[in-house]
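The structure appears below as structure tokens.
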Amino acid sequence: MRRSISTALRCITGLGLLAASAGAEVLPDTEIAELQALHQSRNFFALRERLEALPELPSQPAEVRFLEAVVQQAFNQPEASNQTIEDLLGLEELPQTLVLQLRNIRVTNELRLHRYSAALEIARTILASPVAGEDSAIHKQIFAKLSLLQALANFPPQETEIRGSSRLALGNTRRVPLKIQGRSFQFALDTGANFSVIMRSEAENLGLKILPASLVVSTSTAKQVLADVTVAEQVEIGKVLYRHAVFLVFPDELLTFPDGQRIPGLVGFPLVEAMGEVRFRRDNVLEIPKNPPVRTSKNLALDELEPLIQVRYGKDDLLCRLDTGAPQTVFYEPFFRRFQDRIESSGQRITAEAGGVGGMQEIPAYRLNKMTLTIAAAGVTLRQVDIYSQPIREPQDNFLFCNVGLDVLQQYRTYSINFRDMALVFK
6 MRRSISTALR
16 CITGLGLLAA
26 SAGAEVLPDT
36 EIAELQALHQ
46 SRNFFALRER
56 LEALPELPSQ
66 PAEVRFLEAV
76 VQQAFNQPEA
86 SNQTIEDLLG
96 LEELPQTLVL
106 QLRNIRVTNE
116 LRLHRYSAAL
126 EIARTILASP
136 VAGEDSAIHK
146 QIFAKLSLLQ
156 ALANFPPQET
166 EIRGSSRLAL
176 GNTRRVPLKI
186 QGRSFQFALD
196 TGANFSVIMR
206 SEAENLGLKI
216 LPASLVVSTS
226 TAKQVLADVT
236 VAEQVEIGKV
246 LYRHAVFLVF
256 PDELLTFPDG
266 QRIPGLVGFP
276 LVEAMGEVRF
286 RRDNVLEIPK
296 NPPVRTSKNL
306 ALDELEPLIQ
316 VRYGKDDLLC
326 RLDTGAPQTV
336 FYEPFFRRFQ
346 DRIESSGQRI
356 TAEAGGVGGM
366 QEIPAYRLNK
376 MTLTIAAAGV
386 TLRQVDIYSQ
396 PIREPQDNFL
406 FCNVGLDVLQ
416 QYRTYSINFR
426 DMALVFK
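The sequence shown begins at 6 in my numbering and counts up one residue at a time.
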């Protein structure tokens with residue numbers, strides 16, 4: 006089951022032509038344009054490589070410093086990204102459009118660091134700026150986050166204590182045992198969920214204070230639902246103890262499916278990321294090491310709170326979402342557009358059904374009998390693969406080529422997701 010809680014919480018920092026700092030050498034316009042295009046397409050992997058390959062200058066242009074902050078954020082270095090932003094904001098005569106874009110990145114960094122009041126203060130500064138008119142992209146993105154930040158502003162940051170290594174039996178349902186306020190549950194673990202989620206009835210039974218937020222949340226089927234917010238004072242997953250854990254509160258019917266399956270909640274990105282590393286075994290055991298090894302592959306990136314990974318198809322490197330809540334890998338319209346002739350000649354035209362939070366959606370698609378990919382330096386073969394021939398997102402969000410699900414991840418004995426070093430490792 007796939008549920009991506011991202012569109013309403015995704016910050017898209019469009020880049021216009023930015024002024025270089027006084028006295029700095031200016032890179033060729035073509036170089037700047039290529040770097041900007043990589044940023045716009047969220048190709049953080051290629052952007053990181055290009056920035057690392059740039060010549061050393063006494064003072065890097067503001068364009069480059071901005072993109073450094075973007076890359077630091079994408080590879081889960083929010084504090085370093087904040088420092089780069091502070092250094093840039095200390096320069097004189099920065100264009101106000103650039104100032105707003107830097108503050109926009111800062112909002113995401115503060116949200117990732119669970120510093121909600123700081124994020125709210127910066128968000129209000131952006132909304133008060135005459136440069137960020139109501140029709141501007143930045144205004145819309147920040148306004149979409151405002152109700153969440155207002156609801157959380159008076160809560161302390163999430164705290165995480167890893168008291169030892171954990172080994173948890175997930176069973177055939179692959180549900181994670183956890184305790185909320187001392188009461189036992191089994192939630193699905195979903196890296197595609199930008200926040201953890203709980204059913205309204207379960208939140209009420211726990212006596213959690215539900216904060217009205219009417220947060221507009223886009224699901225994996227592109228349908229929008231409204232969610233409120235609650236904060237649990239204590240959550241335990243194995244030997245990991247959380248304090249002040251945020252949950253989006255969903256109506257019960259959105260987590261109850263036509264076949265009668267009921268999921269009381271989801272363990273989302275903020276809780277998983279705080280574990281440092283999660284290791285899934287083929288025998289349905291989840292391991293959370295207290296001291297995970299250093300991972301050098303660094304093949305994961307983040308778009309807001311959404312994990313991204315590169316997938317190689319033939320000679321092409323494609324940007325995809327890593328989604329442990331999705332049973333099957335699916336390919337999106339950009340993939341169809343890139344390889345249309347090949348797909349139409351060898352695929353079968355079908356109507357695919359995408360299901361998740363928010364219901365089911367029928368999507369025109371093609372089905373290929375077999376596909377071979379390379380992910381995290383490992384070969385993967387998929388069968389009966391669906392490729393959507395129409396977009397399910399707005400144009401500005403239609404940049405992903407696929408959604409990598411469990412049919413890929415479970416082909417190996419173990420797969421580890423390390424958020425400290427931003428790595429996916431197969432064994």
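Ideal Cβ placement from N, Cα and C applies to all residues, glycine included.
For Arg317, the closest alpha carbon among the candidates Ala428, Ser302, Ala381, Glu166 is that of Ala381.
Relative to Gln186, the option among Phe80, Leu246, Pro294 whose CA is nearest is Leu246. As computed with DSSP, Ser170 is found in no beta bridge at all. With respect to Val272, Ser201 sits close: the two C-beta atoms are nearer than 8 Å. The region 209-277 is shown to contain no whole alpha helix (DSSP H) run of 4 or more residues. When the beta-carbon positions are compared, Phe431 and Tyr393 stay at least 8 Å from each other. Distance from the Cα of Arg267 is smallest, within the candidate group Arg53, Leu105, Ser134, Phe192, for Phe192.
Straight through space, the alpha carbons of Phe160 and Arg47 are spaced by roughly 31 Å. The Cβ atoms of Gly281 and Asn81 do not sit closer than 8 Å to each other.
Beta bridge pairing from DSSP links Val181 with Phe192. Assignment of beta-bridge partners to Asp426 by DSSP yields no partner. If you draw a straight line from the Cα of Leu32 to the Cα of Asp402, it is about 29 Å long.
Per DSSP, Lys303 has no beta-bridge partner at all. Beta-bridge annotation (DSSP): Arg372 is paired with Gln353, Asp391.
When the five nearest sequence neighbours on each side are left out, the beta carbons in the same chain lying within less than 6 Å of the beta carbon of Val409 are those of Cys325, Leu327, Thr334, in order along the chain. The continuous stretches of alpha helix (DSSP H) do not include Ser46, and DSSP gives it neither H nor E. A contact is defined here as three or more CB-CB pairs under 8 Å, and the region 233-248 meets this definition with respect to the region 163-174. When the beta-carbon positions are compared, Leu107 and Ala74 come within less than 8 Å of each other.
When Glu278, Tyr420, Tyr337 are compared, the shortest CA-CA separation from Val390 is found for Tyr337.
In this structure, the CA atom of Arg188 is about 12 Å from the CA atom of Ala237.
Out of Asn289, Arg129, Arg354, Asp257, the CA that lies nearest to the CA of Lys150 is found in Arg129. Under the three-state reduction of DSSP output, Val112 falls in the helix class. For Pro312, no alpha helix (DSSP H) encloses it; the enclosing beta strand (DSSP E) starts and ends at 311-318.
Thr196 is a Cβ neighbour of Phe274, given a cutoff of 8 Å.
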